[in-house]
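Novice:
There are 2 protein chains.
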Amino acid sequence: MTMQDISPHKSKGRPRIFDRDAALRSALDLFWRRGYEPASIAELCSSMGINPPSLYAAFGSKAQLFMEAVNCYEAEYWDSVWDSMALTPDFLDAMEIFFRDAAKILGGGDAPCGCLVILAATNVSAGADEVDKALQALRKEGRDLLLRRVKKAIDDGQLPKNTDAKGLSLTLNTILEGMSLAVRDGASRRDLDRVAKLAMQLVRGVASQQDTKQA
Amino acid sequence: MTMQDISPHKSKGRPRIFDRDAALRSALDLFWRRGYEPASIAELCSSMGINPPSLYAAFGSKAQLFMEAVNCYEAEYWDSVWDSMALTPDFLDAMEIFFRDAAKILGGGDAPCGCLVILAATNVSAGADEVDKALQALRKEGRDLLLRRVKKAIDDGQLPKNTDAKGLSLTLNTILEGMSLAVRDGASRRDLDRVAKLAMQLVRGVASQQDTKQA
DNA sequence: AGCTTTCTGTAGTCTTCACTATTGTTCTGA
DNA sequence: TCAGAACAATAGTGAAGACTACAGAAAGCT
Numbered sequence: 001m002t003m004q005d006i007s008p009h010k011s012k013g014r015p016r017i018f019d020r021d022a023a024l025r026s027a028l029d030l031f032w033r034r035g036y037e038p039a040s041i042a043e044l045c046s047s048m049g050i051n052p053p054s055l056y057a058a059f060g061s062k063a064q065l066f067m068e069a070v071n072c073y074e075a076e077y078w079d080s081v082w083d084s085m086a087l088t089p090d091f092l093d094a095m096e097i098f099f100r101d102a103a104k105i106l107g108g109g110d111a112p113c114g115c116l117v118i119l120a121a122t123n124v125s126a127g128a129d130e131v132d133k134a135l136q137a138l139r140k141e142g143r144d145l146l147l148r149r150v151k152k153a154i155d156d157g158q159l160p161k162n163t164d165a166k167g168l169s170l171t172l173n174t175i176l177e178g179m180s181l182a183v184r185d186g187a188s189r190r191d192l193d194r195v196a197k198l199a200m201q202l203v204r205g206v207a208s209q210q211d212t213k214q215a
Numbered sequence: 216m217t218m219q220d221i222s223p224h225k226s227k228g229r230p231r232i233f234d235r236d237a238a239l240r241s242a243l244d245l246f247w248r249r250g251y252e253p254a255s256i257a258e259l260c261s262s263m264g265i266n267p268p269s270l271y272a273a274f275g276s277k278a279q280l281f282m283e284a285v286n287c288y289e290a291e292y293w294d295s296v297w298d299s300m301a302l303t304p305d306f307l308d309a310m311e312i313f314f315r316d317a318a319k320i321l322g323g324g325d326a327p328c329g330c331l332v333i334l335a336a337t338n339v340s341a342g343a344d345e346v347d348k349a350l351q352a353l354r355k356e357g358r359d360l361l362l363r364r365v366k367k368a369i370d371d372g373q374l375p376k377n378t379d380a381k382g383l384s385l386t387l388n389t390i391l392e393g394m395s396l397a398v399r400d401g402a403s404r405r406d407l408d409r410v411a412k413l414a415m416q417l418v419r420g421v422a423s424q425q426d427t428k429q430a
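Which chain is which? The protein sequence lines are A and B, in order.
Residue numbering for the first sequence follows the working numbering, starting at 1 and increasing by one per position.
Residue numbering for the second sequence follows the working numbering, starting at 216 and increasing by one per position.
#1: Are Arg33 (chain A) and Ala94 (chain A) touching if we call contact CB-CB under 8 Å?
#2: Can you grab the Cα-Cα spacing for the pair Leu270 (chain B) / Ala254 (chain B), in whole Å?
#3: Going by beta carbon distance, what residues of the same chain come within less than 7 Å of Leu202 (chain A), once the five residues before and after it are set aside?
#4: With a cut-off of 8 Å, does the C-beta of Ser269 (chain B) fall near any C-beta of chain A?
#5: Counting C-beta neighbours from all protein chains within 10 Å, is the total for Leu168 (chain A) 16 or more, i.e. buried, or is it exposed?
#6: Suppose you measure from the CA of Pro53 (chain A) to the CA of Ser125 (chain A); what does that come to, to the nearest Å?
#7: If contacts are defined as beta-carbon pairs under 8 Å, then Leu28 (chain A) and Tyr77 (chain A) qualify, I think. What distance do you get, rounded to the angstrom?
#8: Gly107 (chain A) and Ser188 (chain A): beta carbons closer than 8 Å?
#9: Under 8 Å between C-beta atoms, does Thr337 (chain B) make it to chain A?
#10: Specify whether the region 137-157 of chain A and the region 78-88 of chain A touch according to this definition: at least 3 beta carbon pairs, one from each stretch, less than 8 Å apart.
#11: Measuring only between beta-carbons, confirm whether Gly393 (chain B) sits less than 8 Å from chain A.
#12: Whole angstroms are fine: how far does the CA of Leu116 (chain A) sit from the CA of Ser61 (chain A)?
#13: Got a sec: which bits of the region 244-256 of chain B sit with their beta carbon under 8 Å from any beta carbon on chain A, in order along the chain?
#14: If contacts are defined as beta-carbon pairs under 8 Å, then Val421 (chain B) and Thr378 (chain B) qualify, I think. What distance do you get, rounded to the angstrom?
#15: Does DSSP classify Pro160 (chain A) as helix, strand or coil?
#16: Between the Cα of Lys367 (chain B) and those of B:Met415, B:Leu307, B:Ile390, B:Ala349, spot the shortest distance and give me the residue it belongs to.
#17: With distances taken from CA atoms, which of A:Asp21, A:Ala103, A:Cys45, A:Ala57 is nearest Lys197 (chain A)?
#18: Is the beta carbon of Ser395 (chain B) sitting closer than 8 Å to the one on Gly324 (chain B)?
#19: Near Ala284 (chain B), what residues of its chain come up, given a Cβ to Cβ distance below 7 Å and the 5 sequence neighbours on each side ignored?
#20: Establish whether the CB of Lys227 (chain B) and some CB of chain A are separated by less than 8 Å.
#21: With Arg20 (chain A) and Ala58 (chain A) assumed to form a contact (beta carbons below 8 Å), what rounded beta-carbon distance in angstroms separates them?
#22: What span of residues does the alpha helix (DSSP H) with Thr171 (chain A) cover, start to end?
#23: With a cut-off of 8 Å on the beta carbons, I'd call Gly393 (chain B) and Ile50 (chain A) a contact; round off their distance for me.
#24: Indicate whether Ala63 (chain A) and Val131 (chain A) have their beta-carbon atoms separated by less than 8 Å.
#25: Start and end of the alpha helix (DSSP H) containing Ala343 (chain B)?
#26: Return the residue from the list A:Leu65, A:Arg100, A:Phe66 that minimises the CA-CA distance to Trp82 (chain A).
#27: Going by Cα to Cα distance, which pick from A:Asp193, A:Gln209, A:Leu135 is closest to Phe98 (chain A)?
#28: Checking 8 Å against the spacing of the C-beta atoms, do Leu172 (chain A) and Ala137 (chain A) come in under that value?
#29: Classify Glu252 (chain B) as buried or exposed, calling it buried when 16 or more other Cβ atoms lie within 10 Å of its own Cβ.
#30: Identify whether Phe99 (chain A) lies in helix, strand or coil by the three-state DSSP scheme.
#31: Any beta carbon from chain A within less than 8 Å of Asp400 (chain B)'s own beta carbon?
#32: Beta-carbon separation of Arg139 (chain A) and Asp400 (chain B) under 8 Å?
#33: Can you find the residues in the same chain that come closer than 6 Å, C-beta to C-beta, to Leu135 (chain A), ignoring five residues on each side of it along the sequence?
#34: At a Cβ threshold of 8 Å, is Asp93 (chain A) touching chain B?
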């Protein structure tokens, strides 16, 4: 047969009985709803339909499983959002799309629990340093992307030259991250849209100082 | 002696050897830095300078100790802030003071760990329902206070009649809560001041639509 | 003084956690 | 068909968690 199988069984021993991707996706769902530490191995195994030894053989450790779940989450939900934020030429368009997409993801039906990266490992115990550091790095990446986008908008003349790039990008990130907390406290999709709308009002306000304050 | 002692020793048995208020304050400091669940009884006892039986005799349980610490925190840091927010007649003044004070508390030297109410019990285990519910109620109180203040500003003619009160108050709360996340990720006092400044820019933008959009 | 009451400190209990030793099972490869 | 290799399921291990029994110590009351 000339067709290549997608996932050929190359190794020698007994093949894995469960679907690794599906199990990872189940783990993501649980981590998303419960958070990193409250999601116990027992719960994870139950959700994934496997036993602890299989989990450890396939994923290494709880921390590694979580980080794989985070990668999965980022790839499925946020990568395209960040990409279009960085690439959309007009700054106002970019922000409009960005906040609309964010509201859709955070308030959407998949798991209305806020962002995994922002909420899942807050106030973790001492043993979870690596997970915490990794998520901190991801959050910093988001801040940097926003900062770079704002600076580009200034260079492109879409924001006033004297705009406080760090302040504006940090504020936009603060609103974005705050939206996750709002969702945790019961904010609906509609509520998030309202926040997104007001974030845009702030952005337009800053942009429109172009003429008045440019003295 | 006619003078009444502040804390007379009325009870019969052996008097408590440690200062309850000082111990509570130590517990607050630890909960603030570590969060509710990561702060173990052993750590708490070490910080408070007492042993577990004394802790349980004086405070009941870990959850009750935490809630007392939260009350202490609110009373010491936030009660006056919320009061002046509600009572300052001019809306712009009220918001200016509010965000300035918030930045000072969150980025101040006492414990640069964000707000206890917002961060200390995110993604807690199943056993901490009561603590979670209590903090949820406190956060809702903050949202309600902001909503009421915005509505009052509309009634007073300090905001346009067609202002989306819920949307604006929710957005301001989102920024406020997001500031705690920013602090957790290393934002300085100066960074928070920048966010507060832009929050004010948003508020002024909304307020100044009074003339243009009032059609 | 002697009795009662309440606190203190040591040293546990019981539960839950992440993780694994062991045994048996199912595949590949010759 | 049989050896080797990797997975699966049961049943644990050791550590850390919140919480407490118990015995001794320090106060008030009579």
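Idealized CB from N, CA, C, for every residue including glycine.
On a predicted model such as this, the values are computed, not experimentally measured, just so you know.
Specialist: Let's see:
#1: The residue you call residue 33 (chain A) lines up with position 33 of the first sequence. The residue you call residue 94 (chain A) lines up with position 94 of the first sequence. Contact flag unset, no.
#2: Locating residue 270 (chain B) in the second sequence gives position 55, counting from the first residue. Locating residue 254 (chain B) in the second sequence gives position 39, counting from the first residue. In a straight line, the C-alpha of Leu270 (chain B) is about 14 Å away from that of Ala254 (chain B).
#3: Translated into the one-based positions of the first sequence, residue 202 (chain A) becomes position 202. There are no such residues.
#4: The residue labelled residue 269 (chain B) in the question sits at position 54 within the second sequence. No, its Cβ sits nowhere closer than 8 Å to a Cβ of chain A.
#5: Numbered from 1 along the first sequence, position 168 holds the residue referred to as residue 168 (chain A). That one is buried.
#6: As a working note, residue 53 (chain A) is residue 53 in the first sequence. As a working note, residue 125 (chain A) is residue 125 in the first sequence. If you take the alpha carbons of Pro53 (chain A) and Ser125 (chain A), they lie about 24 Å apart.
#7: Position 28 of the first sequence, counting from 1, holds the residue named residue 28 (chain A). Position 77 of the first sequence, counting from 1, holds the residue named residue 77 (chain A). The pair is not a contact, with the Cβ atoms about 10 Å apart (cut-off 8 Å).
#8: For the purposes of this step, residue 107 (chain A) is taken as the residue at position 107 of the first sequence. For the purposes of this step, residue 188 (chain A) is taken as the residue at position 188 of the first sequence. Yes, they are a contact pair.
#9: As a working note, residue 337 (chain B) is residue 122 in the second sequence. By this cut-off, Thr337 (chain B) is an interface position.
#10: Taking a cut-off of 8 Å for Cβ pairs, the region 137-157 of chain A and the region 78-88 of chain A touch, as three or more such pairs fall below it.
#11: Along the second sequence, read from residue 1 onward, the residue named residue 393 (chain B) stands at position 178. So, interface residue.
#12: Counting from 1 along the first sequence, the entry for residue 61 (chain A) is found at position 61. Counting from 1 along the first sequence, the entry for residue 116 (chain A) is found at position 116. About 19 Å.
#13: Arg249, Gly250, Tyr251, Glu252, Pro253
#14: Residue 421 (chain B) sits at position 206 when you count from the first residue of the second sequence. Residue 378 (chain B) sits at position 163 when you count from the first residue of the second sequence. Confirmed, about 6 Å.
#15: In the first sequence, residue 160 (chain A) corresponds to position 160, counting from 1. Residue state, collapsed to three classes: coil.
#16: Walking along the second sequence from the start, residue 367 (chain B) turns up at place 152. Among B:Met415, B:Leu307, B:Ile390, B:Ala349, the Cα nearest to that of Lys367 (chain B) is on B:Leu307.
#17: Your numbering for residue 197 (chain A) matches position 197 in the first sequence. Answer by Cα proximity: A:Ala103.
#18: Here the question's residue 395 (chain B) lines up with position 180 in the second sequence. Here the question's residue 324 (chain B) lines up with position 109 in the second sequence. Not in contact: Ser395 (chain B) and Gly324 (chain B) (Cβ atoms no closer than 8 Å).
#19: The residue given as residue 284 (chain B) occupies position 69 in the second sequence. Counting only Cβ-Cβ distances below 7 Å, and skipping sequence neighbours, we find Leu239, Ala242, Leu243, Phe246.
#20: Working through the second sequence from its first residue, we reach residue 227 (chain B) at position 12. It does not: the Cβ of Lys227 (chain B) has no partner Cβ on chain A nearer than 8 Å.
#21: Locating residue 20 (chain A) in the first sequence gives position 20, where the first residue counts as 1. Locating residue 58 (chain A) in the first sequence gives position 58, where the first residue counts as 1. Indeed, because the Cβ distance is near 6 Å, the residues count as touching under 8 Å.
#22: Taking the first residue of the first sequence as 1, we reach residue 171 (chain A) at position 171. Residues 165-184.
#23: Numbered from its first residue, the second sequence carries residue 393 (chain B) at position 178. Numbered from its first residue, the first sequence carries residue 50 (chain A) at position 50. Not a contact, Cβ separation roughly 38 Å.
#24: Your numbering for residue 63 (chain A) matches position 63 in the first sequence. Your numbering for residue 131 (chain A) matches position 131 in the first sequence. For Ala63 (chain A) and Val131 (chain A), yes; Cβs fall inside 8 Å.
#25: As a working mapping, residue 343 (chain B) is identified with position 128 in the second sequence. Neither: Ala343 (chain B) is in no alpha helix (DSSP H) and is coded neither H nor E.
#26: The sequence position of residue 82 (chain A) within the first sequence is 82, counting from 1. When each option's Cα is compared against that of Trp82 (chain A), the closest is A:Arg100.
#27: The residue you call residue 98 (chain A) lines up with position 98 of the first sequence. When the alpha-carbon of Phe98 (chain A) is set against those of A:Asp193, A:Gln209, A:Leu135, the nearest one is in A:Asp193.
#28: Residue numbering aside, residue 172 (chain A) sits at position 172 when the first sequence is read from its first letter. Residue numbering aside, residue 137 (chain A) sits at position 137 when the first sequence is read from its first letter. Their beta carbons are not under 8 Å apart, which means Leu172 (chain A) does not touch Ala137 (chain A) by this criterion.
#29: The sequence position of residue 252 (chain B) within the second sequence is 37, counting from 1. So Glu252 (chain B) counts as buried.
#30: On the first sequence, residue 99 (chain A) is found 99 positions in, with the first residue counted as 1. Looking at Phe99 (chain A) - three-state DSSP - the assignment turns out to be helix.
#31: Counting from one through the second sequence, the residue named residue 400 (chain B) turns up at place 185. Yes, contact with chain A.
#32: Locating residue 139 (chain A) in the first sequence gives position 139, counting from the first residue. Locating residue 400 (chain B) in the second sequence gives position 185, counting from the first residue. Yes, the pair counts as a contact, with Cβ atoms nearer than the cut-off.
#33: Locating residue 135 (chain A) in the first sequence gives position 135, counting from the first residue. If we look at Leu135 (chain A) and ignore the five residues flanking it on each side, its Cβ neighbours are Val117, Ala121.
#34: Your numbering for residue 93 (chain A) matches position 93 in the first sequence. Chain B contact via Cβ: absent.
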